[in-house]
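Numbering (the numbering used here), first residue to last: 52 to 689. Ideal Cβ positions, reconstructed from N, Cα and C, are used throughout, including at glycine.
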Amino acid sequence: MSDKIVLTLPDGKSVEHPAGIIALDAARAIGPKLAEAAIAAKLDGQFIDLRATIPHSGKLEIVTLKSPDAAEVYRHSMAHILAEAVRKLFPDAQFGIGPTIENGFYYDFLLSRSLTTEDLEIVEKEMKAIIAAKEPFSYALLTKAEAMETFRKLNQPLKLELIGEIPDEKVSVYTQGEFADLCRGPHLPHSGVIKHFKLLSVAGAYWRGDEKKPMLQRIYGTAFATKEELDAYMNMLEEAKKRDHRKLGKELDLFSVHEEVGPGLVFWHPKGARIRHIIESFWKEQHFRNGYEMVYTPHIGRAWLWETSGHLGFYKDSMYSPMKIDEFDYFIKPMNCPFHIMIYKTQNRSYRDLPLRWAELGTVYRYEKSGVLHGLLRVRGFTQDDAHILCTPEQIESEISEVLRFSLSIWRAFGFEKVKAYLATRPEKAVGEPTRWDQAIESLKRAVDKEGLECEIDEGGGAFYGPKIDLKIKDAIGREWQMTTIQFDFNEPERFDMTYIGADGEKHRPYMVHRALLGSLERFFGVLLEHHGGAMPTWLAPVQVIILPISDKHIDYAKKVEDGFRRAGIRVNTDFRSDKIGYKIRAAQLMKIPFMVVLGDEEANAGTITVRKRSGENMPGLSLEAFVKGEEWKKESC
RNA sequence: GCCGGCGUAGCUCAGUGGUAGAGCAGCUGAUUCGUAAUCAGCAGGUCGUAGGUUCAAUCCCUAUCGCCGGCUCCA
């Protein structure tokens, strides 16, 4: 072992230090100010604690509060502060884990009683005291036996379980104040560095995420380096609440769900249905233009079909119980694919017939556990914008490329520009020849590259029957939603013995790709609503224009104008109530109607209209024709 | 499914061991008005459901259904 290590700094310079130097001293050697600002270090991209010895040569980076990685460090420390506070309030508490997550942190506890939201305030107060005390985080590297002894004394069986599973010889233990915790670190120098935090919620969570293990109580919180950032985050949460599609659905009279009928079953009201109709029409037109054919298939099918497809074997628990018809068991469909396969098998297919692209807005029903239902985002009956592509091995790459390209064009049309891909590869248990898997994964990768999409690879995350690409979109307030899925299927073509005759006159197995672009119409509608905050772009708005007569004197003129809009193919309503104009505007504004047309003496006399946009901006004295042909309308309505 | 919370009028919510209230929306009337709420009146609820405790339950207890926040799951 060498007695020196060489550290490369971010500016490219290399420095030499004696082996055994701690990160803080390495920082000090760079500059005393940096050492003061430092909260952690990174060696070759891995976090290490300032108090830890630098184990080997490599690229060294000093993390300060201004670093992009800083949040990970201080939120983790905040989780420890949370745990310390809980320990003070519940001396017999047992501690689970307390990691950082996107936008925050949590800690899991086993407590003698259930926490309430009132408890959060008490815990927060305790945390503030710990922050004010500026307790140093002390760092110790212990052997596993020593650590076991420590946590046995502290009566922390959950920690013992964790230590038992760590492969390393030594483990690090951090202590601040009265609280010691097994932890990889790194941590802040002391508990007073970050003051801007908020505890957000309490929830149950299985120990180690295993539903067979006991349920712990989890406290979620968030923390930021500055008050401004914390406020901005809290505002974002507020904004998300305002945009909640369940709330908007009620306010805008778009959809409902009824306990008497069944949870997770959606009723589309006229305005919601109108939006859905526009989405569906657009979707169908786009599919025809992009080389798809439509098919329609039944809602139920005999057990034979689901036995053959394998669904009864793999997903019986989430399929609705069969109904008996003429002595046969019929199941409500949880997927459309077996039906599309039946169509495929009505003929001998030639390689000349391929690719086949068959799309269907297919309504399926799946039994989802009661606790997972959520507005329109997780339901039991939903319509997939499904399609199946059947092609030869030679065609697969261009087909995948084409699906991706098509998908992105659809997302842009609906106003989503930020899309990210997630590629899931072969899991341990998988059907299908490995060469097919490899080819499929390669073509997925190349397609993603070709579209210049950012892509994360989920190694081993594919379904047993094939690899897949999922697309996540980012909404107006920065939240990601998983929507599109493009999945290979090596299972069903086999099970249904699908074939085509190749140029060689021999039978071959076609490739089968399932894809849903929007996912389900219900879920997509929910996301779309939240993205737009209910203020749908004009082309999707159920009511595009509302006519607001100033007084009853103007009703005749209003009717005339309404008729003009209707003949121009515009979705128009008139508010005939004898209320004041302010009242009508408020009502229209709350319904988020894109254009209000205010009609009074001025307009009736001149034969014009005054348009008030949803933004509040006014466009006075236009003719109806000029407005409908004008930029404003065009910009908003297509 | 699991943990915790919640369930009162169409909506948002107040309330109490002695069988219920407000605002908005709705309806009727008056008002005829120029850019986010005109005034008045009327009507509207077996307090999620089923048991139990009690002289008496919307309130306390139990079960159940649903919703909400998470966990697990999501072909």
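Could you spell out where the beta strand (DSSP E) holding residue i opens and where it closes?
i, result
"M129", "No beta strand (DSSP E) contains M129, which is instead part of the alpha helix (DSSP H) from A121 to L140."
"P321", "Looking at the DSSP string, P321 is not in any beta strand (DSSP E); the run it does join, the alpha helix (DSSP H), is P321 to R340."
"V423", "Note, V423: premise wrong, no beta strand (DSSP E); not H, not E."
"I99", "Q97 to I99"
"E738", "Missing from the structure shown is residue 738; the chain here goes from 52 to 689 and no further."
"N656", "First-last for N656: D652 to A657, but that is the alpha helix (DSSP H), not the beta strand (DSSP E)."
"P69", "S65 to P69"
"E87", "No beta strand (DSSP E) contains E87, which is instead part of the alpha helix (DSSP H) from P83 to A88."
"P208", "No beta strand (DSSP E) holds P208; the alpha helix (DSSP H) holding it covers P208 to E216."
With respect to the alpha helix (DSSP H) encompassing residue i, which residues constitute its N-terminal and C-terminal limits?
i, result
"W488", "P485 to K501"
"F160", "From DSSP, F160 is part of no alpha helix (DSSP H) but of the beta strand (DSSP E) over G155 to L161."
"C234", "No alpha helix (DSSP H) holds C234; DSSP gives it neither H nor E."
"F576", "L572 to H583"
"V174", "T168 to A184"
"A369", "As written in the sequence, residue 369 is Ser, which differs from the Ala given in the question. Note, S369: premise wrong, no alpha helix (DSSP H); not H, not E."
"K301", "H296 to E302"
"Q640", "I632 to L641"
"I72", "Taken as a continuous stretch (DSSP letters only), I72 belongs to no alpha helix (DSSP H), as it is neither H nor E."
Rounded to the nearest angstrom, what separates residue i and residue j at their Cα positions?
i, j, result
"Q337", "M345", "11 Å"
"T434", "D368", "20 Å"
"D555", "Y402", "10 Å"
"Y347", "F339", "15 Å"
"T625", "E676", "18 Å"
"S189", "N206", "20 Å"
"M285", "L116", "20 Å"
"H463", "A639", "It should be pointed out that residue 463 corresponds to Arg in this sequence rather than to His. Near 28 Å, if we compare the C-alpha coordinates of A639 and R463."
"R497", "S449", "10 Å"
"S372", "E668", "56 Å"
"F627", "I621", "18 Å"
"S252", "D170", "10 Å"
"A256", "G323", "36 Å"
"L281", "M563", "48 Å"
"K139", "P485", "55 Å"
"D436", "K335", "10 Å"
"L192", "E229", "18 Å"
"G364", "L356", "12 Å"
"M370", "T59", "58 Å"
"R637", "E654", "21 Å"
Are residue i and residue j close, meaning C-beta to C-beta below 8 Å?
i, j, result
"I606", "V648", "no"
"H439", "W409", "yes"
"L99", "P237", "Going by the sequence as given, residue 99 is Ile instead of Leu. Yes, they are a contact pair."
"V114", "A92", "yes"
"A78", "A89", "yes"
"Y516", "D540", "yes"
"G432", "T414", "yes"
"G503", "P478", "no"
"T359", "R546", "yes"
"L591", "I326", "yes"
"D232", "A136", "no"
"G315", "L424", "yes"
Decide if residue i is buried, meaning its Cβ has at least 16 other Cβ atoms within 10 Å, or exposed.
i, result
"P593", "buried"
"E200", "exposed"
"V470", "buried"
"S494", "buried"
"V662", "buried"
"L641", "exposed"
"W532", "buried"
"V66", "exposed"
"I182", "buried"
"T277", "exposed"
"Q595", "buried"
"M266", "exposed"
"D159", "buried"
"P389", "buried"
"S163", "exposed"
"E302", "exposed"
"P385", "buried"
"P518", "buried"
"H391", "buried"
Three-pair Cβ contact test at 8 Å for the segment 452-472 versus the segment 566-578: Remark: three or more beta-carbon pairs, one from each stretch, lie closer than 8 Å, so the segment 452-472 and the segment 566-578 are flagged as touching.
Contact between the segment 290-301 and the segment 584-592 (3+ Cβ pairs under 8 Å): Two segments are said to touch when three or more pairs of C-beta atoms, one from each, lie closer than 8 Å; by this definition the segment 290-301 touches the segment 584-592.
The segment 471-479 contacting the segment 498-518, beta-carbon criterion three pairs below 8 Å: Yes, they touch.
Stretch-stretch touch, CB-based, cutoff 8 Å, three pairs: the segment 243-254 with the segment 219-235: No, because fewer than three Cβ pairs between the segment 243-254 and the segment 219-235 fall closer than 8 Å, the two stretches do not touch.
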